[in-house]
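Below is one structure, written out as structure tokens; the observations come after it.
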Ligand SMILES: [Zn+2]
Ligand SMILES: [Zn+2]
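Numbering (my numbering), first residue to last: 62 to 321.
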């Protein structure tokens, strides 16, 4: 079975252009240098799944004509990955069906603190907020099913935050990775198409550098890799010329195919 993955956003937490910045990339007229906050849309077996729902979700939904979702997968609960969550109410108000949401226990605990009102509606009037049907990842690493779709998952860290990466057949999406155990590579054997985050050329306390991402890709052995979560320090075309042909910067609107 074939699946597709559409990049809704490939920018870092500030997006590109960055507010108030006049660097060459932020002033660039190339659409490849316009990056919304990181997110992706999966289509598998007739189902549409959203990975992360950042502050640009409304813009992304309008830009790519997203008119319904079957499920939401959250990697972690930093602002750039969840701040659009209440815009999902548009779908809830249409269907009055809770949206299945796959996430870790740590993510759920944090989400409940940040968006208390989504989980504890006030009063007896029907809620006007987005509503989630929670599906917890049972372990740190493993395989399971979500909405009848086979999903692999891994856990790694970014600062003090626990983050999840996901695998669908021969495709894996790994964002906001900084520290990881070597055991995660066991779950990535056979991945041919990989999305991995790298913020910039230089190392950062919260993200891999481009070179660190390249080293990671070599361990996975993916045939094709796309970088996401890209800051304004990387110009699309000149960076891609320097990178290996099999490892390139992704861009908003790029669609990938994979087998599941
Ligand atoms: Zn992020
Ligand atoms: Zn800039």
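By construction, the Cβ of each residue, glycine as well, lies at the ideal position given by its N, Cα and C atoms.
As the structure is a prediction and not an experimental result, all values here were calculated from the model.
{"query": "Less than 8 Å between the C-beta atoms of residue 78 and residue 293, yes or no?", "result": "yes"}
{"query": "Any heavy atom of ligand 2 closer than 7 Å to the beta-carbon of residue 95?", "result": "no"}
{"query": "Under the criterion of a Cβ to heavy atom distance below 7 Å, does residue 92 qualify as lining ligand 1?", "result": "no"}
{"query": "Collect the residues with a C-beta less than 7 Å away from any heavy atom of ligand 1 and give them in sequence order along the chain.", "result": "73, 74, 99, 139, 141, 142, 236, 237, 290"}
{"query": "Give the secondary structure of residue 238 by DSSP, where H, G and I count as helix, E and B as strand, and everything else as coil.", "result": "coil"}
{"query": "Which residues are close to ligand 2, meaning CB closer than 5 Å to any heavy atom, in chain order?", "result": "79, 82, 84, 87, 293"}
{"query": "Return the bridge partner residues of residue 233 from the DSSP annotation.", "result": "228, 255"}
{"query": "For a test of the three-state rule: what should DSSP assign to residue 284, helix, strand or coil?", "result": "coil"}
{"query": "When you compare only the Cα positions, how much space is there between residue 319 and residue 255?", "result": "10 Å"}
{"query": "If you follow the beta strand (DSSP E) that residue 105 is in, where does it begin and where does it stop?", "result": "100–105"}
{"query": "What is the rounded straight-line gap between the Cα of residue 222 and the Cα of residue 303?", "result": "32 Å"}
{"query": "Only counting the same chain, and skipping five residues up and downstream in sequence, which positions put a Cβ closer than 8 Å to that of residue 147?", "result": "176, 179, 190, 191"}
{"query": "Classify residue 219: buried if its beta carbon has 16 or more other beta carbons within 10 angstroms, exposed otherwise.", "result": "buried"}
{"query": "Once the 5 residues before and after residue 188 are set aside, which same chain residues still bring their CB inside 7 Å of it?", "result": "182"}
{"query": "Nearest to residue 197 by CA position, among 91, 137, 88, 311, is which residue?", "result": "137"}
{"query": "So for residue 279, helix, strand or coil by DSSP?", "result": "helix"}
{"query": "Return the CA-CA distance between residue 149 and residue 170, expressed in angstroms with no decimal places.", "result": "19 Å"}
{"query": "Residue 297 by DSSP, collapsed to three states: which one?", "result": "helix"}
{"query": "Between residue 164 and residue 132, is the Cβ-Cβ spacing less than 8 Å?", "result": "no"}
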